[in-house]
Amino acid sequence: MSSGYDRVVQPAAGDEALENHLGGDEAKNYRQYEFDMVAPHVGRSMLEIGSGLGHFAEQFLPRLDRLVVSDFDPYCVEQLRKRFDGRADIDVLHFALPDAVPMEGQVDTVVLMNVLEHIEADSEALRSLAKVTKPGGRIVIWVPGYMQLYGDFDRKVGHVQRYTPKTLTRTVAKAGLDIDVIKPINFLGGIAWWAAVRRGGVGYPDPRLVKIYDRTVVPATRLIERFIRPPFGQTVFCVARVPRT
């Protein structure tokens with residue numbers, strides 16, 4: 001079954017990875033934005049899907065008793081093993097959804113940052129994750145929003161789709177999960193993305209533009225979203241819950 005990753009024409013990690021610029025050193029404010037959105041929903045044990053080089057997951061270590069990181073890309077898995085070598089409280093997995101998660105026991109939180117959009121069988125992938133999540137536990141989902149923003153960048157990195165709250169709700173419900181939170185976020189980022197990618201024809205993130213975006217758009221977006229719920233955004237954020245019964 002195709003996951004969408006077979007269409008990726010750029011490496012999943014490393015200096016040339018297109019998606020790295022969105023969460024790399026050029027975008028420190030954006031990285032903090034991601035962490036601040038996700039952290040309130042993370043318990044004492046966490047599985048991250050698509051961990052890349054491990055930067056995001058590492059931020060949670062002070063609050064965790066157990067961390068499991070994972071990736072489908074051999075380069076990423078190798079780097080994760082090097083990064084967390086000698087840590088008995090950290091496991092590294094090599095697999096690709098929607099396959100069963102090769103993990104012993106369960107965690108109370110699963111985190112997917114820009115992963116689900118790569119997987120055609122997205123509900124099946126969430127069902128696989130629910131099996132390794134404790135009843136009542138959370139699956140935190142961060143995905144690109146709105147097909148109106150779909151462009152050459154999405155095709156290059158193997159995005160099967162971009163979501164809306166409605167389409168993601170349907171995917172989550174089909175997996176048998178409940179929803180605690182679902183909303184569009186990064187409203188100004190969505191406008192900037194539309195202008196650059198859909199109208200401007202930009203095929204990949206320019207690190208120089210990412211720096212400008214990070215210093216101006218991200219802080220403004222965070223301020224606005226403290227007071228209003230945006231009608232759309234560059235991202236859709238969801239906290240799904242595994243039923244207790």
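Start counting the sequence shown at 1; every next residue gets the next number (this note's numbering).
The beta-carbon is built from N, C-alpha and C at its ideal position, and this holds for glycine as well.
Here the C-alpha atom of residue 50 lies approximately 20 angstroms from the C-alpha atom of residue 134. Its Cα nearest to that of residue 85, the residue 54 stands out among 41, 127 and 54.
Residue 99 carries a coil assignment under DSSP once its states are collapsed to helix, strand and coil. Listed in chain order, the beta strand (DSSP E) elements of length 3 or more contained wholly in the segment 18–67 are 45–49.
Residue 119 and residue 65 have their C-alpha atoms some 29 angstroms from each other. Looking at the backbone, the Cα of residue 218 and that of residue 56 are separated by about 18 angstroms. With 16 or more other Cβ atoms inside 10 Å of its own Cβ, residue 117 counts as buried. The beta carbon of residue 138 sits closer than 6 angstroms to the beta carbons of 41, 109, 239 and 241 from its chain, once the five residues preceding and following it are set aside; these are given in chain order.
The segment 160–169 and the segment 69–76 do not touch, with fewer than 3 CB-CB distances between them shorter than 8 angstroms.
Taking 8 angstroms as the cut-off, the beta carbon of residue 37 is found no closer than this to the beta carbon of residue 111.
The Cβ atoms of residue 143 and residue 221 do not sit closer than 8 angstroms to each other.
Residue pairing by DSSP puts residue 71 in a beta bridge opposite 94. Taking the Cα positions, residue 77 is about 22 angstroms away from residue 122. Rounded to the nearest whole angstrom, the CA to CA distance from residue 81 to residue 99 is 21 angstroms.
The Cβ atoms of residue 223 and residue 190 lie no closer than 8 angstroms to each other. Rounded to the nearest whole angstrom, the C-alpha separation of residue 212 and residue 93 is 35 angstroms. DSSP places residue 153 in the helix class (H, G or I) of the three-state scheme.
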